[in-house]
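So the number in my numbering is just where the residue sits in the sequence shown, counting from 1, plus 9. All C-beta atoms, glycine included, are put in the ideal place defined by N, C-alpha and C.
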Amino acid sequence: MGPAELLNRHSFLIFGGLALLGLAAFLLLRRAGWIGWGLWALILVALVVFWLSMRARPSQTFASQAEIEAALRSGQPVLVYWFSNY
């Protein structure tokens, strides 16, 4: 994995972490009280929750035509694509 791919895959974590480090440095230099650090912790928790809720999940694979038809009838959005080496 090259640096561009690493940055592309983990850009939210990298830039969010850098922003939090910058904010932490600012809070340290200003000798902020518990309100400032509480806000920093709240932003950290919000970023972690957002990342956990929005990350990609493994997709379901279908072994037969009947499973595909059942998924289509389930009422959930379904994306089916066919792959062939020929």
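Range of the contiguous alpha helix (DSSP H) that encloses residue i
{"i": "F24", "result": "20–39"}
{"i": "R82", "result": "74–82"}
Pick from the options that is closest to residue i, judged by C-alpha positions
{"i": "G26", "options": "G42, R39, W49", "result": "W49"}
Close Cβ partners of residue i (< 8 Å) along its chain, the five nearest in sequence each way excluded
{"i": "Q69", "result": "A80"}
Per-residue DSSP class, three states only, for residue i
{"i": "W91", "result": "coil"}
{"i": "S62", "result": "helix"}
{"i": "G47", "result": "helix"}
{"i": "P67", "result": "coil"}
{"i": "P12", "result": "helix"}
7 Å Cβ shell around residue i - same chain, five flanking residues per side excluded
{"i": "L32", "result": "W49"}
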